[in-house]
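Mapping the sequence shown onto our numbering, position 213 (from 1) lands on 221, and the numbers just tick up by one.
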Amino acid sequence: MADILELRDVRKAFRQGFLLRSREVLKGISFSVGEGEIFGYLGPNGAGKTSTIKCVLGLLFPDGGTIRIGGRPHLETRAKAGLGFLPENPYFYDYLTAAEFLDFYAQLFGLPKSERRERAARLLGLVGMEKAAGLQLRKFSRGMLQRIGLAQALVNDPSFLILDEPLGGLDPLGRKEIRDIILTLKEDGKTVLFTSHILQDIEMICDRVAILIGGRIHRQGRLADLVSENILFTELTVSGIDPAEVAGLGRSLSAQGGRILLKVFDDVGLESVLDLVRERKGTIHALIPRVQTLEDIFVEAVKNP
Ligand SMILES: Nc1ncnc2c1ncn2[C@@H]1O[C@H](COP(=O)(O)OP(=O)(O)O)[C@@H](O)[C@H]1O
Ligand SMILES: [Mg+2]
């Protein structure tokens, strides 16, 4: 798999405050994005995600390191030709309709009128906004704006898309819609790099992730390699037994209305609880193994940087 984007030891410091003290926000960032993959660049607010993206786009100049897009130095015009970008806080022209807005961007890329109309219609279809074509952007919800922003990032038919917090500020339904569009883009053969500080849902669509914390990449790789499939614990809801009998077998979370919620941490404990329930002719209401999630790694990493 060829790399579409490659960062090597990228560093960036900002001068801040009255004394203009220099503070390093990117402390040697290295990662690469392969052709055709969905890459999640994850980290809490202030980790340096947007700064990294600004460096890639040439909006900020790194103090050190190298960035290559499609094998070329990132500041070359040709390197950026196949790029689409959705900023974190896109600015929208309130009084344009969705169709006019896309047409405007298509004009910037020099597309002839006939082609512009066809492309705007196709992109509105892709982001599920056909019905809103004639609606002014000021009447759009956050989710609609995010979708039209995505359509705008696709106007020049880029092969590589960089999306800064595309799921930001969206409700679960809005997030699912954007995730589905990102998956469609991958099916179309495009490469997608997106940032997020919210982890929920992301593991469903990313091929690989990098976790950025305090300007350093904490972990990176395939999700399957980062997240162990080991069962961390099993949550059991049982009834028909005395809570005191299982007290030593796991951590009892609650016992209400005859139902006992119990967390057990190993197979032996689990078997013992199940045996006991069978013996007493009790009932197992639920048995939920909890495997490690990206969220667990993230929380752990934020706690112990
Ligand atoms: N232009 C700037 N000048 C000074 N500090 C900045 C500038 N841009 C970002 N920072 C600081 O750099 C850190 C990383 O910011 P950012 O890249 O926006 O993080 P993220 O996108 O992960 O939330 C933050 O502490 C932020 O305050
Ligand atoms: Mg950001």
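Using N, Cα and C, we set each Cβ at its ideal position, and we do this for glycine too.
In the three-state reduction of the DSSP assignment, residue 90 falls in the coil class, being assigned neither a helical nor a strand state. For residue 270, there is no enclosing alpha helix (DSSP H); the residue is part of the beta strand (DSSP E) that begins and ends at 267 to 272. Annotated as proximal: residue 177 and residue 150, with beta-carbon spacing under 8 Å. At a cut-off of 3 residues, the continuous stretches assigned as beta strand (DSSP E) that sit fully inside the segment 27 to 112 are 29 to 42, 46 to 50, 72 to 77, 91 to 94. Measuring C-alpha to C-alpha distances from residue 213 to each of 154, 222, 225, 199 identifies 199 as the nearest.
Within the segment 128 to 206, the complete beta strand (DSSP E) segments of 3 residues or longer fall at 168 to 171, 199 to 204, listed in chain order. Bridge partners of residue 11 according to DSSP: 42.
Counting only residues whose CB is nearer than 6 Å to a non-hydrogen atom of ligand 1, the list in chain order is 22, 24, 33, 51, 53, 54, 55, 56, 57, 58, 59. Under the DSSP definition of a beta bridge, residue 297 partners with 242. Counting C-beta pairs with one atom in each stretch, the segment 99 to 110 and the segment 74 to 86 have fewer than three that are closer than 8 Å, which means they do not touch. In the same chain as residue 272, and ignoring 5 residues on each side of it, the C-beta atoms closer than 7 Å to its own belong to 241, 242, 244, 257, 258, 278, 281, in chain order. In this structure, 283 is the residue among 283, 121, 268 with its C-alpha nearest to the C-alpha of residue 275. Counting other Cβ atoms within 10 Å of its Cβ, residue 59 reaches 16 or more and is therefore classed as buried. Collapsing the DSSP output to three states places residue 220 in a strand. If you look at residue 262, you'll find it in the beta strand (DSSP E) that goes 259 to 264. Less than 8 Å divides the Cβ of residue 47 from the Cβ of residue 215. In this structure, DSSP gives residue 289 a state outside helix and strand, which the three-state scheme calls coil.
DSSP, reduced to helix, strand and coil, places residue 215 outside both helices and strands of the structure shown, so it counts as coil.
In this structure residue 154 is buried. Its beta-carbon is surrounded by 16 or more other beta-carbon atoms within 10 angstroms. According to the DSSP assignment, residue 302 belongs to the alpha helix (DSSP H) that extends over 302 to 311.
Inclusion of residue 247 and residue 224 in the CB contact set at 8 Å is not warranted, their separation being larger than that value. One alpha carbon belongs to residue 126, the other to residue 98, and they sit about 24 Å apart. Between residue 16 and the set 182, 34, 236, 197, the nearest pair of CA atoms involves 34. Its chain contains 160, 163 as the residues whose beta carbon lies nearer than 6 Å to that of residue 113, once the 5 sequence neighbours on both sides are disregarded; these appear in chain order. In the DSSP assignment, residue 253 falls within the unbroken alpha helix (DSSP H) covering 251 to 254. At a cut-off of 7 Å, the beta-carbon of residue 96 counts as near ligand 2: some heavy atom of the ligand is closer than that. Rounded to the nearest angstrom, the gap between the Cα atoms of residue 239 and residue 301 is 10 Å. By the neighbour-count definition (other C-beta atoms within 10 Å, threshold 16), residue 262 is an exposed residue. Shown here for residue 207: same chain residues with a beta carbon closer than 7 Å to its own, the five before and five after excluded, namely 50, 302, 303, 306 in chain order.
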